[in-house]
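Asker:
Protein chains: 2
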Amino acid sequence: MRDRTPKPASYTVDVVLVTAMGNELAILVARSSTDRERWSLPWRNPQAGETLDAAAARVAQDALGESPIWMEQIGAFGDGKRHPSNADVSVAHVGLVPHETATPRAGYAWFPIGDLPPLSPRQRAMVETAIRAIQSRLDQAPIAFRLLPATFTLSELQHMYELLLDKRLHKASFRRALQGAWLVEPTDEWRSEGRGRPAQLFRYAPKKRRRLHRGVRFDFLYP
Amino acid sequence: MRDRTPKPASYTVDVVLVTAMGNELAILVARSSTDRERWSLPWRNPQAGETLDAAAARVAQDALGESPIWMEQIGAFGDGKRHPSNADVSVAHVGLVPHETATPRAGYAWFPIGDLPPLSPRQRAMVETAIRAIQSRLDQAPIAFRLLPATFTLSELQHMYELLLDKRLHKASFRRALQGAWLVEPTDEWRSEGRGRPAQLFRYAPKKRRRLHRGVRFDFLYP
DNA sequence: TGACTTTAGTCTCATATTGTGACTAATTCG
DNA sequence: CGAATTAGTCACAATATGAGACTAAAGTCA
């Protein structure tokens, strides 16, 4: 697909749909309708009068048949990198989907993030930005909870955080922080997972609490 | 400029230029060339082949005659809100300029952030997002340093942080955190500001240091 | 049955980080 | 000189955090 349109500049709306598949994150990828060997993130040329968020929701809807449980714009991408469309820029979004309820429609498939098919450079950049966006918002939005079923064990929650942050966490510290945040409440159910002591199931049920007030942080290493 | 083009969808590149003017933040606003009563953020229809960042730099260049010392994209805005152009979406950027070196060209003026002229709804949203972006990146990038001259007193730095965060900070804690971050080094100059003890001048000179490793935080209040 | 393994959940303590008031220092003003 | 003003430091209490060790409840298997 060569660029033939001179002006005005056009744009697409692309979505990075993320789910947790077993022990790895996975991204929803679409098979190209013209060249079955090519893959891309789901995208769309927005219709006239369609808002960005609506277009992104539509892209997700077309791919999964349902809406992501959380979605956020992660920016406009262009800057010379190629894209399956001839558009100059693409407005990218991240969407989160719990894996249980996420069955891709025909032509779409989940790919583990460590083993993605080749994507256009622009969409490759979107995936990277999406992951970083998830990681940086992890302490500001209930992202991990959204990737789990309605009830879950605390170990499952911790493993989700470890998966998203790509680092190990200490069990006692994790639970202490979670306690202090008043984000979960226990159900009266327990789940026995074969070996080992059964775990209590919790649900996401945030309580109001006073805003934490912290001073400044200088967390950047350099320039 | 009326909307006459039906398709394909077009976009603009807009820039929120921010500086510190005395005791308040200020935004660079452009007077409309057609209607002298109307104001807008500086924006531009990108040229063919021009990257987003290049277009944003060009917008800043046209308005100030120089480049912001720091600039970052803050997202694409559309979603039905009006804009001075007929574009469906606008890709917004924040740029920081130290006030000393920032003389607006003809047709542009700094407005204190608490007293902006009426802007289009879309650009109003950009300003709000820009401020939030600055605040949220304040601990990850040397934003406050960029808004100050090359040498500054620690009180000036603290006041800049207070201005950006819109909250008071405790002097001793601020300096302790700053010490720990290895971000400034003293010069051998002092500045006497009339009454009171003279203050030592510092410069931004970040040193390498080991990455801080923290566990998880659950800093969101609810949903 | 009863050791052993596995996973869940808790406790405690040392250490690090942070909030805050009070202190000392160097200057101007009158 | 002494009060006022701004800079810069100290010390201590209060929290927050990292990490190991502990208890609890299940399955496994001889």
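Order-wise, the sequence lines are chains P and R.
The numbering of the first sequence is our numbering, which starts it at 1 and goes up by one.
The numbering of the second sequence is our numbering, which starts it at 1 and goes up by one.
Here a beta-carbon is modelled for each residue, glycine too, at the ideal position from N, C-alpha and C.
(1) To the nearest angstrom, how far is it from the Cα of PHE77(R) to the Cα of ALA141(R)?
(2) Is PRO118(R) buried or exposed, if buried means 16 or more other CB atoms sit within 10 Å of its CB?
(3) Looking at HIS83(R) and VAL15(R), is the spacing between their C-beta atoms short of 9 Å?
(4) For TRP190(P), I'd like the list of residues in its chain whose CB is within less than 7 Å of its CB, leaving aside the five on either flank, ordered along the chain.
(5) Are the C-beta atoms of GLN73(P) and some chain R residue less than 9 Å apart?
(6) Could you tell me whether the Cβ of PRO65(P) comes closer than 9 Å to any Cβ of chain R?
(7) How do the segment 144–161 of chain R and the segment 112–130 of chain R stand: do at least 3 beta-carbon pairs fall below 8 Å, yes or no?
(8) Count the CB pairs spanning the segment 103–113 of chain P and the segment 15–29 of chain P that are closer than 8 Å, and state whether there are at least three.
(9) Report yes or no: is there a C-beta of chain R within less than 9 Å of the C-beta of GLN61(P)?
(10) Can you check which of these residues, PRO98(P), GLY215(P), ARG38(P), PRO104(P), is closest to GLY65(P) by C-alpha distance?
(11) List the endpoints of the continuous alpha helix (DSSP H) containing GLN179(R).
(12) Inspect the beta-carbon positions of TRP43(R) and VAL29(R) and report whether they are closer than 9 Å.
(13) Roughly how many whole angstroms lie between the Cα atoms of LYS81(R) and ALA181(R)?
(14) Using a Cβ cut-off of 7 Å, which residues of the segment 173–187 of chain P contact any Cβ in chain R, in chain order?
(15) Report buried or exposed for ASP88(R), applying the criterion of at least 16 other Cβ atoms within 10 angstroms of its Cβ.
(16) On the premise that ARG217(P) lies in contact with ALA177(R), defined as a C-beta separation below 8 Å, what is that separation, rounded to the nearest angstrom?
(17) Counting only runs of 3+ residues fully inside the segment 137–168 of chain R, write out the beta strand (DSSP E) ranges in chain order.
(18) Decide if ARG214(P) is buried, meaning its Cβ has at least 16 other Cβ atoms within 10 Å, or exposed.
(19) So who's on the other strand from PRO98(P), going by DSSP bridges?
(20) Identify, in the order they occur along the chain, each residue of the same chain with its Cβ nearer than 6 Å to the Cβ of PRO206(R), setting aside the five sequence neighbours on each side.
(21) For PHE220(P), write down the residues that DSSP places opposite it in a beta bridge.
(22) For ARG38(R), name the three-state secondary structure that DSSP assigns.
(23) Per the DSSP calculation, THR12(P) is bridged to which residue(s)?
(24) Which residues does DSSP pair with ALA60(R) in a beta bridge?
(25) Got a sec: which bits of the segment 188–217 of chain R sit with their beta carbon under 8 Å from any beta carbon on chain P, in order along the chain?
(26) Taking the alpha carbon of GLY95(P) as the point to measure from, which residue in TYR204(P), LYS208(P), ALA26(P) has its own alpha carbon closest?
(27) Within the 9 Å Cβ cut-off, does ASP166(R) reach chain P?
(28) How would you list, in chain order, the residues of chain P whose beta-carbon sits under 8 Å from the beta-carbon of HIS170(R)?
(29) Please confirm whether SER10(P) has its beta-carbon closer than 9 Å to some beta-carbon of chain R.
(30) Determine the burial state of GLN47(R): buried for a count of at least 16 other Cβ atoms within 10 Å of its Cβ, exposed for fewer.
(31) Excluding sequence positions up to five away, which residues of its chain have a Cβ less than 7 Å from the Cβ of LYS7(P)?
(32) List, in chain order, every chain R residue whose beta-carbon is nearer than 7 Å to that of GLN123(P).
(33) Please report the Cβ distance between SER90(P) and TYR11(P), rounded to the nearest whole angstrom; I am assuming they are in contact, meaning their Cβ atoms lie under 8 Å.
(34) Going along chain P, which residues have a C-beta under 7 Å from LEU52(R)?
(35) When DSSP labels each residue in this structure, what does LYS207(P) get in the three-state scheme?
(36) If you compare alpha carbons, which of ASP35(P), ALA150(P), PRO149(P), ASP139(P) is closest to GLU243(P)?
Answerer: Taking the structure as given:
(1) Locating residue 77(R) in the second sequence gives position 77, counting from the first residue. Locating residue 141(R) in the second sequence gives position 141, counting from the first residue. C-alpha separation (whole angstroms): 24 Å.
(2) Residue mapping note: residue 118(R) aligns to position 118 of the second sequence, counting from 1. By the 10 Å Cβ count, PRO118(R) comes out exposed.
(3) Against the second sequence, residue 15(R) aligns to sequence position 15. Against the second sequence, residue 83(R) aligns to sequence position 83. Result no, Cβ atoms of VAL15(R) and HIS83(R) do not sit closer than 9 Å.
(4) By 1-based counting over the first sequence, the position of residue 190(P) is 190. The residues are PRO198, ALA199, GLN200, LEU201.
(5) Looking up residue 73(P) in the first sequence gives position 73. Closer than 9 Å to some Cβ of chain R, the Cβ of GLN73(P) qualifies, so yes.
(6) Locating residue 65(P) in the first sequence gives position 65, where the first residue counts as 1. In the sequence under discussion, the amino acid at residue 65(P) is Gly, which differs from the Pro named in the question. So, not an interface residue.
(7) no
(8) yes
(9) On the first sequence, residue 61(P) is found 61 positions in, with the first residue counted as 1. Closer than 9 Å: no.
(10) As a first step, residue 65(P) is located in the first sequence; it is residue number 65 there, counting from the start. Per the Cα distances, PRO104(P).
(11) Position 179 of the second sequence holds residue 179(R). From DSSP, the alpha helix (DSSP H) with GLN179(R) extends over 171–181.
(12) Counted from its first residue, the second sequence places residue 43(R) at position 43. Counted from its first residue, the second sequence places residue 29(R) at position 29. Not a contact, by the Cβ cut-off of 9 Å.
(13) Start at 1 with the first residue of the second sequence, and residue 81(R) comes out as number 81. Start at 1 with the first residue of the second sequence, and residue 181(R) comes out as number 181. If you take the alpha carbons of LYS81(R) and ALA181(R), they lie about 42 Å apart.
(14) SER173, PHE174, ALA177, LEU178, ALA181, LEU183
(15) Here residue 88(R) corresponds to residue number 88 of the second sequence, with the count starting at 1. Label assigned to ASP88(R): buried.
(16) Position 177 of the second sequence, counting from 1, holds the residue named residue 177(R). Position 217 of the first sequence, counting from 1, holds the residue named residue 217(P). Yes, ALA177(R) and ARG217(P) are in contact; Cβ-Cβ is about 7 Å, under 8 Å.
(17) 151–153
(18) Mapped onto the first sequence, residue 214(P) falls at position 214. Result: exposed.
(19) Reading the first sequence from its first residue, position 98 is the one you call residue 98(P). According to DSSP, PRO98(P) bridges with nothing at all.
(20) Against the second sequence, residue 206(R) aligns to sequence position 206. The residues are LEU183.
(21) Here residue 220(P) refers to the residue found at position 220 when the first sequence is read from its first residue. Looking at the DSSP assignment, PHE220(P) forms no beta bridge with any residue, so it has no partner.
(22) As a first step, residue 38(R) must be located in the second sequence, where it is residue number 38. In the structure shown, ARG38(R) sits in coil (DSSP, three-state: anything other than H, G, I, E or B).
(23) Counting from 1 along the first sequence, the entry for residue 12(P) is found at position 12. Beta-bridge pairing links THR12(P) to SER90(P).
(24) Indexing the second sequence from 1 puts residue 60(R) at position 60. The partner list for ALA60(R) (beta bridge, DSSP) is empty, contrary to what the question assumes.
(25) PRO206, LYS207, LYS208, ARG209, ARG211, LEU212, GLY215, VAL216, ARG217
(26) The sequence position of residue 95(P) within the first sequence is 95, counting from 1. For GLY95(P), the nearest C-alpha among the options comes from ALA26(P).
(27) On the second sequence, position 166 is the one that residue 166(R) refers to. False, the Cβ-Cβ gap to chain P never drops below 9 Å.
(28) What you label residue 170(R) is simply residue 170 of the second sequence in a count that begins at 1. Within 8 Å Cβ-Cβ: GLY215.
(29) Locating residue 10(P) in the first sequence gives position 10, counting from the first residue. Closer than 9 Å to some Cβ of chain R, the Cβ of SER10(P) qualifies, so yes.
(30) For the purposes of this step, residue 47(R) is taken as the residue at position 47 of the second sequence. It is exposed - the Cβ of GLN47(R) has fewer than 16 other Cβ atoms within 10 Å.
(31) By 1-based counting over the first sequence, the position of residue 7(P) is 7. Note that LYS7(P) scores 40 on pLDDT, short of 50, meaning its location in the model is unreliable and no value can be drawn from it.
(32) Taking the first residue of the first sequence as 1, we reach residue 123(P) at position 123. None at all; the shortest Cβ gap to chain R is about 16 Å.
(33) What you label residue 90(P) is simply residue 90 of the first sequence in a count that begins at 1. What you label residue 11(P) is simply residue 11 of the first sequence in a count that begins at 1. That pair is a contact at about 6 Å.
(34) Position 52 of the second sequence, counted from the first residue, corresponds to residue 52(R). The answer, in chain order, is ALA76, GLY78, ASP79, VAL89.
(35) Residue 207(P) sits at position 207 when you count from the first residue of the first sequence. In this structure, LYS207(P) counts as coil in the three-state DSSP scheme.
(36) Lying outside 1 to 223, the shown extent of chain P, residue 243(P) is not represented and no answer is given.
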